[in-house]
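Novice: Here it is: the structure, laid out below.
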Amino acid sequence: MTIFTEANTAKPQPSLETFNKVSASHGKAAASRLLFSWLSCDRARAILYTDMVEKKKMLEFESRALVDNEADCNDDDRPKRFRQSAYLVVHPDHVQAAYRNADDNPPSWSHSPYKDLGGTFMLALDEPSGAPDPFHSHDAQRAYCYQLLQQLTPHFDAIATVAFKAGAALALKQRKFDLAEVAEMVACYYVASLFGFSQADLPMLKSSAQHIGNGLMQVNFGQHFITDAVAIPQAKLALAKLSNRAAELIDLYDRPVGKGQADHWRDLLKELDELRDYWFEDPTAHTAPKKQLLKARNFRPLMQLMAQGQNTSQGTFGYSTTEKAILVAGLVSGTITNLRAAVCIAIRQFFLLSATDLDTIRTAAANARLKHQDANWNDLPEAAAFRAYLEEALRRNPPPPFVPRRAAHKIALDPGSLVIPAGSLIIIAVGGGSWLDGEFSMQRAPSTAERPGTLASKANASSACPFSMAFGGRPETTNNAGRADHLHSCIGKDMAMYSLNYTVRQLLLLPGLTQSLDDSTGEILGLTKRAGFICERYPMEYEREKLLRQSPLQTVLYVKNPVPEHAAALRQVLQFGAPFIEKVLRDARHVHFASFMLLDNDTKLVLFTAYDGDFDAYIGHFAREFGPLFDRFFSHIENGPPTPIAEQPFEFVQFLRRFQQPAVGGLFFSAYPHVQTHQIVSHFNKNRDYDFFTLEGGA
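The C-terminal position of the sequence shown is numbered 737 in my numbering, with every residue numbered one higher than the one before it.
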């Protein structure tokens with residue numbers, strides 16, 4: 039099976055030799071710009087990584103990041119320096135060394151680059167559990183959050199299902215949609231439900247995550263190559279807003295104070311009760327009924343668990359509301375950002391495959407859905423088989439492609455390698471850590487035996503599944519100091535994977551899902567990334583009519599002047615043509631209903647219909663059937679279609695398309711989305727007495 043093979047025709051191919059030649063001939067700044075272009079392109083990046091892994095070399099380049107290891111760096115009255123040497127670390131051994139905690143104290147690698155976003159969340163901390171201030175201990179924060187997330191694990195499947203149905207509801211009512219937008223909406227619903235935000239908080243979560251994602255991009259990667267003076271301040275402001283709202287809700291879950299909070303609590307409790315009433319399929323419930331309510335599982339969101347003082351076993355202290363809110367903000371923002379990227383990247387990786395391999399993955403998704411309904415992250419074989427493909431896609435192209443570290447002292451990652459001076463910044467190439475079989479083209483799909491959960495018995499972290507390296511390594515194994523070998527592995531990985539797995543699976547099951555084409559060139563529009571990091575846009579489309587049979591026609595036409603005369607004529611055409619109109623609509627057997635309305639003092643004529651099938655076929659059919667009547671009708675409409683309409687159906691279709699008005703937000707509800715008009719008519723006309731008005735019925 040040649041799965042996950044990607045051809046490349048880039049010339050000249052990125053390599054260390056090319057970089058060094060450009061640096062020698064055009065200067066370090068030009069070489070850095072070239073490096074930025076390579077790292078921003080998935081294909082060029084893979085070629086560069088191949089060269090660096092084969093040579094087992096690091097790459098030193100000139101960074102424009104702020105040199106912040108000097109005493110005057112925080113002094114606004116002194117000039118700053120924005121030029122230093124930084125290092126790209128790619129080889130799996132080098133990535134492992136940078137991920138892993140050194141036995142010496144303090145560790146060799148510092149996570150201080152993240153302090154630019156606010157240094158109180160665990161992502162930016164290095165201190166172990168013995169830190170004087172428990173909140174500034176990475177280990178203590180991680181233990182506290184991990185225990186809370188463990189309590190939520192039994193609910194991840196159900197919440198992932200709810201989030202997808204809510205987040206994708208509007209977008210998938212249209213034939214074309216933006217996958218990046220869908221992924222972000224699903225992620226927002228997912229964290230809102232898990233953490234206990236209200237529905238009114240969704241816009242704030244979405245906008246905050248976007249600003250924080252931009253800030254993460256700048257810290258992880260962008261600061262070395264591009265100048266963006268607003269990304270970090272905007273990210274810090276977004277984190278502050280998110281923290282403030284989380285603090286308000288934690289207090290509310292603890293005990294409402296005053297009438298205002300009581301009213302707010304009542305509304306929040308109503309939303310929570312609606313969520314708890316959601317039922318989902320649980321194939322692991324062999325003795326109990328498979329359809330379960332979240333209420334039966336006693337679901338409580340994370341901020342409610344925080345408010346009720348759950349799991350403070352990390353020490354003899356408890357975190358304050360403000361400290362808990364900071365933890366919530368860090369977990370939420372990272373989850374939304376990574377989920378958006380991971381969904382887009384996984385789908386794109388699948389579409390890079392041959393048609394046969396893509397069909398294989400779609401079959402795996404269908405088998406998992408058929409067997410397990412709403413469950414997706416457990417040890418059942420069908421779910422595991424699909425998850426293996428998803429893990430391979432993310433191993434091939436990790437959602438956070440880069441993470442930063444700072445050398446705490448002078449470091450040589452292996453004998454004879456480039457020495458990294460103390461205080462230097464490095465970029466860890468996450469994809470390098472997940473290298474497999476010595477070839478970055480990843481020419482095989484992993485077996486289910488290679489899933490991370492099956493490797494827990496292996497004590498040596500270097501033998502861990504390469505997939506885990508895409509998320510900072512596995513935290514289970516510890517070194518002699520009692521700390522996890524991969525201290526800063528992604529704590530939210532498992533939480534995110536539930537939603538990611540369900541979302542990707544359901545998207546692949548959309549009938550005829552494909553990448554959208556450029557209307558002018560016919561080329562695939564594809565996934566648009568900014569700086570190779572932020573997934574901005576991914577136009578997709580699917581055969582909507584196979585999933586949602588009905589579509590709305592909402593056309594607003596302008597009545598000719600003089601308006602009273604032409605409006606009266608339109609009323610006459612409809613009045614005397616009504617029997618013929620109803621007969622043609624009924625015989626068509628694909629129109630659910632139709633109505634006309636004059637608005638704004640008869641200056642506008644609005645046509646509403648709901649129909650089955652394709653727009654062009656629907657309008658073209660009536661152009662031919664209504665011909666002469668339509669000629670009279672549209673003669674009273676401003677800038678009407680060319681006549682005779684029956685002989686020019688294509689022109690009539692294009693005419694109506696210009697005046698078609700989309701539903702606000704794409705919202706179009708159908709109580710029977712899979713049923714067509716003729717099925718309804720056939721069902722209800724059985725054994726019906728003769729109807730004088732429709733001239734139908736009877737034996």
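Beta carbons are placed, not taken as given, at the ideal position from N, Cα and C, and that holds for glycine.
Counting along the chain, where does the beta strand (DSSP E) carrying lysine 642 start and finish?
Specialist: Position 604 of the sequence shown holds residue 642. Where lysine 642 is concerned, the enclosing beta strand (DSSP E) stretches over 642-650.
Novice: Taking a contact to mean a Cβ-Cβ separation below 9 Å, would you say tyrosine 227 touches glycine 205 in this structure?
Specialist: Walking along the sequence shown from the start, residue 227 turns up at place 189. Walking along the sequence shown from the start, residue 205 turns up at place 167. Yes, Cβ-Cβ distance for tyrosine 227 and glycine 205 is below 9 Å.
Novice: Which residue or residues does DSSP assign as beta-bridge partners of phenylalanine 634?
Specialist: Counting from one through the sequence shown, the residue named residue 634 turns up at place 596. DSSP, once it has assigned bridges, lists Leu645 as partnering phenylalanine 634.
Novice: Which residue or residues does DSSP assign as beta-bridge partners of serine 749?
Specialist: Absent from the structure is residue 749, since the part of the chain shown begins at 39 and ends at 737.
Novice: What would DSSP say about arginine 568, mapped onto helix, strand or coil?
Specialist: Stepping through the sequence shown from its first residue, residue 568 is reached at position 530. Note: arginine 568 maps to strand in three-state DSSP.
Novice: Quick test of your reading: lysine 211 and phenylalanine 653, contact by CB under 8 Å. State the CB separation rounded to the nearest angstrom.
Specialist: One-based indexing of the sequence shown puts residue 211 at position 173. One-based indexing of the sequence shown puts residue 653 at position 615. Lysine 211 to phenylalanine 653, Cβ: 14 Å. No contact.
Novice: Taking buried to mean at least 16 other C-beta atoms within 10 Å of its own C-beta, is glutamine 256 buried or exposed?
Specialist: As a working note, residue 256 is residue 218 in the sequence shown. The residue is buried, with at least 16 neighbouring Cβ atoms inside 10 Å.
Novice: Quick check: the stretch 315-323 against the stretch 194-209, are at least 3 beta-carbon pairs closer than 8 Å?
Specialist: With a cut-off of 8 Å, the stretch 315-323 and the stretch 194-209 count as touching, because enough Cβ pairs lie within range.
Novice: Exposed or buried, methionine 96, counting other C-beta atoms within 10 Å across all chains shown (16 or more means buried)?
Specialist: In the sequence shown, residue 96 corresponds to position 58, counting from 1. Answer is buried; the Cβ neighbour count reaches 16.
Novice: Could you check if isoleucine 562 is buried or exposed, using at least 16 other CB atoms within 10 Å of its CB as the buried criterion?
Specialist: Within the sequence shown, numbered from 1, the residue matching residue 562 stands at position 524. Per the 10 Å Cβ criterion, exposed.
Novice: Give me the residue from Phe337, Val133, Met242 and Ala207 with the minimum Cα distance to leucine 190.
Specialist: Working through the sequence shown from its first residue, we reach residue 190 at position 152. Measuring from the Cα of leucine 190, the nearest candidate turns out to be Phe337.
Novice: In angstroms with no decimal places, state the Cα-to-Cα distance between tyrosine 87 and histidine 628.
Specialist: The residue labelled residue 87 in the question sits at position 49 within the sequence shown. The residue labelled residue 628 in the question sits at position 590 within the sequence shown. Approximately 56 Å, taken between the alpha carbons.
Novice: Enumerated in chain order, which unbroken segments of the beta strand (DSSP E) with a length of 3 residues or greater are wholly contained in the stretch 397-455?
Specialist: If we require 3 residues or more, the beta strand (DSSP E) runs fully inside the stretch 397-455 come out as 440-445.
Novice: Just the Cα atoms here: how many angstroms apart are alanine 68 and serine 53?
Specialist: As a first step, residue 68 is located in the sequence shown; it is residue number 30 there, counting from the start. As a first step, residue 53 is located in the sequence shown; it is residue number 15 there, counting from the start. Those two C-alpha atoms are separated by around 15 Å.
Novice: Since I believe cysteine 382 is in contact with leucine 585 (beta carbons under 8 Å), could you give me their beta-carbon distance rounded to a whole number of angstroms?
Specialist: What you label residue 585 is simply residue 547 of the sequence shown in a count that begins at 1. What you label residue 382 is simply residue 344 of the sequence shown in a count that begins at 1. About 21 Å separates the two Cβ atoms, so there is no contact after all.
Novice: Note the first and the last residue of the continuous alpha helix (DSSP H) segment covering methionine 690.
Specialist: Taking the first residue of the sequence shown as position 1, residue 690 is located at position 652. A small correction: the amino acid at residue 690 is phenylalanine; methionine does not occupy that position in the sequence shown. Run containing phenylalanine 690: 687-697, per the alpha helix (DSSP H) assignment.
Novice: Under 8 Å, with one C-beta from each stretch per pair, do the stretch 433-452 and the stretch 376-391 reach the 3-pair mark?
Specialist: At 8 Å Cβ cutoff, the stretches touch.
Novice: Name the DSSP beta bridge partners of valine 457, please?
Specialist: Position 419 of the sequence shown holds residue 457. According to DSSP, valine 457 bridges with Ala450.
Novice: Suppose you measure from the CA of leucine 699 to the CA of glutamate 581; what does that come to, to the nearest Å?
Specialist: If you number the sequence shown from 1, residue 699 lands on position 661. If you number the sequence shown from 1, residue 581 lands on position 543. Per the sequence presented here, residue 699 reads as glutamine, with leucine not at that position. Going by the C-alpha atoms only, they are around 21 Å apart.
Novice: Determine, using beta-carbon pairs with one atom in the stretch 553-571 and one in the stretch 523-542, whether at least three such pairs fall under 8 Å.
Specialist: The stretch 553-571, when compared against the stretch 523-542, does not touch it at the 8 Å Cβ threshold.
Novice: Excluding the 5 residues preceding and the 5 following threonine 350 in the sequence, name in chain order all residues of the same chain whose CB lies nearer than 8 Å to its CB.
Specialist: For this step, residue 350 is matched to residue 312 along the sequence shown. A caution first: threonine 350 carries a pLDDT of 46, below 50, which makes its placement in the model unreliable, though a value can still be read off. Tyr182, Gly356 and Tyr357, listed in sequence order.
Novice: At which residues does the alpha helix (DSSP H) containing aspartate 216 begin and terminate?
Specialist: Taking the sequence shown and counting its residues from 1, the one referred to as residue 216 is at position 178. First-last for aspartate 216: 214-216, but that is the beta strand (DSSP E), not the alpha helix (DSSP H).
Novice: Quick one: does proline 679 have its CB under 9 Å from some CB of chain D?
Specialist: Although the question refers to chain D, the structure presented lacks it and comprises just one protein chain.
Novice: Under 9 Å between the Cβ atoms of proline 166 and aspartate 154?
Specialist: On the sequence shown, residue 166 is found 128 positions in, with the first residue counted as 1. On the sequence shown, residue 154 is found 116 positions in, with the first residue counted as 1. No; because the gap between Cβ atoms is not below 9 Å, this pair is not in contact.
Novice: Are there 16 or more other CB atoms within 10 angstroms of the CB of tyrosine 710, so buried, or fewer, so exposed?
Specialist: The sequence position of residue 710 within the sequence shown is 672, counting from 1. Under this definition tyrosine 710 is an exposed residue.
Novice: Quick check on proline 241: does DSSP put it in helix, strand or coil?
Specialist: On the sequence shown, position 203 is the one that residue 241 refers to. It is helical.
Novice: With a 10 Å radius around its C-beta and 16 neighbouring C-beta atoms as the bar for buried, classify proline 145 as buried or exposed.
Specialist: Position 107 of the sequence shown, counting from 1, holds the residue named residue 145. Buried is the call here.
Novice: Among the candidates Val268, Ala363 and Gly550, whose CA atom is the shortest distance from the CA of lysine 279?
Specialist: Here residue 279 refers to the residue found at position 241 when the sequence shown is read from its first residue. The option with the nearest alpha carbon to lysine 279 is Ala363.
Novice: Just reading off the alpha helix (DSSP H) that proline 130 is part of, what are its end residues?
Specialist: In the sequence shown, the residue the question calls residue 130 occupies position 92. Proline 130 -> alpha helix (DSSP H) spans 130-137.
Novice: Which one or two residues does DSSP pair with glutamate 286 in a beta bridge?
Specialist: Your numbering for residue 286 matches position 248 in the sequence shown. In DSSP, glutamate 286 forms no bridge with anything.
Novice: Can you grab the Cα-Cα spacing for the pair asparagine 223 / valine 229, in whole Å?
Specialist: Against the sequence shown, residue 223 aligns to sequence position 185. Against the sequence shown, residue 229 aligns to sequence position 191. Asparagine is not the amino acid found at residue 223; the sequence shown has methionine there. Cα to Cα, the separation comes out at about 10 Å.
Novice: What whole-angstrom Cβ distance do leucine 463 and alanine 124 have, given they're in contact under 8 Å?
Specialist: Working through the sequence shown from its first residue, we reach residue 463 at position 425. Working through the sequence shown from its first residue, we reach residue 124 at position 86. Correct: roughly 5 Å between the Cβ atoms.
Novice: Is it right to say proline 172 is buried, meaning 16 or more other beta carbons lie within 10 angstroms of its own, or is it exposed?
Specialist: Along the sequence shown, one-based indexing puts residue 172 at 134. Buried, because 16 or more other Cβ atoms sit within 10 Å of the Cβ of proline 172.
Novice: Quickly, what does DSSP pair threonine 593 with across the bridge? List them, please.
Specialist: Within the sequence shown, the letter at position 555 stands for residue 593. DSSP, once it has assigned bridges, lists Leu645 and Gln698 as partnering threonine 593.
Novice: For tryptophan 258, count the other beta carbons within 10 Å of its own beta carbon; 16 or more makes it buried, fewer makes it exposed. Which is it?
Specialist: For the purposes of this step, residue 258 is identified with residue 220 of the sequence shown, where counting begins at 1. Checking the sequence shown, residue 258 turns out to be asparagine, not tryptophan. Buried, since its Cβ has 16 or more Cβ neighbours within 10 Å.
Novice: Helix, strand or coil for lysine 95, going by three-state DSSP, please let me know.
Specialist: The sequence position of residue 95 within the sequence shown is 57, counting from 1. Coil, per DSSP.
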